[in-house]
Ligand code: FRU
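Residue numbers (my numbering): 3 to 487.
Below you can see the structure in the form of structure tokens.
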């Protein structure tokens, strides 16, 4: 039975870590706790926030609601890493403790400048009549401790709806200007991006205009979590359009797409070279964010939430839900993104396994596919029935993933069968299985498919067609599930 939450329960302020110790203790026993993915200590984790490399360390925050698998009062929970493979829980980064963010520190980004890491976030204010005012706020992270600026950088624009949030701050060296992209909605409920600019990171912000994206004036009802980056000489615009259905995506109304094109800061126009593409073809992927990378290398790293707004997952009963994807490295090639699991992820391999039809709880599969149709059935029973089925149709160059065969079905209403259209014939799959998720990297990153999955005890087998050669590793823990709040 799904729990009904009252508003007071969802927006309860966390007074001390002891408030959630009991929840932590019972969720630790869950069979679905992830082994090498970032997951919430308790409650819900959703969007990644404030992802950046700063002074030799990767910082990541995520939207966190401590009380359970419910969207209520949001904190920024902080994790750090030296290599994007092993992560350390650092505790709360930002908490809703000012008048501007009295109902949540909502999503945002980070920008490393000199010795400082600046955090930009949405202060979600609601008044006694529950009328919302989204403020764009900032904080400085010094020695790991964030200090909020006393006043917001700017408030919402009255000529757009109340949906104005998720600041992505960045610096454009050619123009010696800082920019903030805000995910927004017009008054007639069309998704868009608002652009702000300043010569300084923490003050002097002015509204520059609404981003023009020719051809995308009617594309979804709200664009959440926008971000832009120059990758391999092209501008890449990433955002999560919602309140709309898109072709090939069944009944889902939440998506995460990208456009490759050119950004003109004089006219505030992003001109796409071609049609949008899905960042990920899976059931559960949203709110991806690119790291602000102060690393001198040209690495571009992306991470996202394994989960979707307005959806429900079986671990809700256990008072937790959601995790982060594996970080991915991005390249632009032939007009599309190539996404590969972060380099160094092989460090997680603890043992190479002889492929014998049984899956480890946490593991990696590399499948080399010879030409023709292909089938892979993961999480089947011992006799090969049930499970999550990937079928490749070579004539059509389409992989179809069907999760109707799993014992624990969920979110049936958004569809349980999705296609991955490919530009090339299927030749390889790199698959990362954790206790409640699976990520398929197809053809060295041509497409990715991320899904939650909640196999029962007997669903730990697989079958593969003869033209697939499997290598398999057991993967070890990378996130110590410490109770740090
Ligand atoms: C996306 C989102 C953001 C918002 C945050 C609140 O999932 O709705 O737009 O800032 O979640 O948790």
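Here a beta-carbon is modelled for each residue, glycine too, at the ideal position from N, C-alpha and C.
A check of alpha carbon separations from residue 332 across 301, 421, 352 identifies 301 as the nearest. Taking a cut-off of 8 Å for Cβ pairs, the region 311–328 and the region 418–432 do not touch, as fewer than three such pairs fall below it. Around the CB of residue 10, fewer than 16 other CB atoms lie within 10 Å, so the residue is classed as exposed. Between residue 37 and residue 434, the alpha-carbon positions lie close to 11 Å from each other.
Between residue 364 and residue 437, the C-beta spacing is below 8 Å.
Comparing alpha carbon positions, the residue from 314, 293, 312 closest to residue 304 is 293. Residue 15 and residue 75 have their alpha carbons spaced roughly 7 Å apart. About 18 Å separates the Cβ atoms of residue 53 and residue 46, ruling out a contact at the 8 Å cut-off.
Excluding sequence positions up to five before and after residue 250, its CB lies within less than 7 Å of the CB of 421, all in the same chain and listed in chain order. For residue 25, the enclosing alpha helix (DSSP H) covers residues 23–29.
For residue 12, there is no enclosing beta strand (DSSP E); the enclosing alpha helix (DSSP H) has its first and last residue at 9–12. Per DSSP, residue 129 lies in no beta strand (DSSP E) and is assigned neither H nor E.
Judged by DSSP secondary structure, residue 266 falls within the beta strand (DSSP E) whose first and last residues are 259–266.
For residue 242, the beta-bridge partners assigned by DSSP are 226. Going by DSSP, residue 433 is part of the beta strand (DSSP E) stretching over 430–436. For residue 191, no beta strand (DSSP E) segment is defined, and its DSSP state is neither H nor E.
When Cβ pairs closer than 8 Å are counted between the two stretches, the region 67–83 is seen to touch the region 100–116, the count reaching three or more. The Cβ-Cβ distance between residue 314 and residue 413 falls below 8 Å.
Excluding residues up to 5 positions away in sequence, 286, 324 lie with their Cβ nearer than 6 Å to the Cβ of residue 309 in the same chain. When secondary structure is reduced to three states using DSSP, residue 110 falls in the strand class. The beta-bridge partner set that DSSP reports for residue 62 consists of 81.
For residue 174, the secondary structure class from DSSP, reduced to helix, strand or coil, is strand. The continuous beta strand (DSSP E) containing residue 54 extends over residues 45–56.
Assigned with DSSP and collapsed to three states, residue 316 falls in helix. Only buried fits residue 168, as 16 or more other CB atoms lie within 10 angstroms of its CB.
Here the alpha carbon of residue 475 sits roughly 7 Å from the alpha carbon of residue 352.
Secondary-structure assignment with DSSP links residue 347 through no beta bridge to anything.
A residue is called buried when at least 16 other Cβ atoms come within 10 angstroms of its Cβ; residue 141 meets this threshold and is buried.
With distances taken between CA atoms, residue 462 lies nearest to 33 out of 311, 372, 33, 279. Annotation for residue 65 indicates a beta carbon within 7 Å of some heavy atom of the ligand FRU. Where residue 370 is concerned, the enclosing beta strand (DSSP E) starts and stops at 365–371. Relative to the Cα of residue 426, the nearest Cα in the group 441, 448, 418, 410 belongs to 448.
By the C-beta criterion, the region 369–376 is judged not to be in contact with the region 341–350, since fewer than 3 inter-stretch pairs fall below 8 Å. When secondary structure is reduced to three states using DSSP, residue 88 falls in the coil class, being assigned neither helix nor strand. Residue 459 carries a coil assignment under DSSP once its states are collapsed to helix, strand and coil. If you check the CB distance, residue 65 and residue 88 do not come in under 8 Å.
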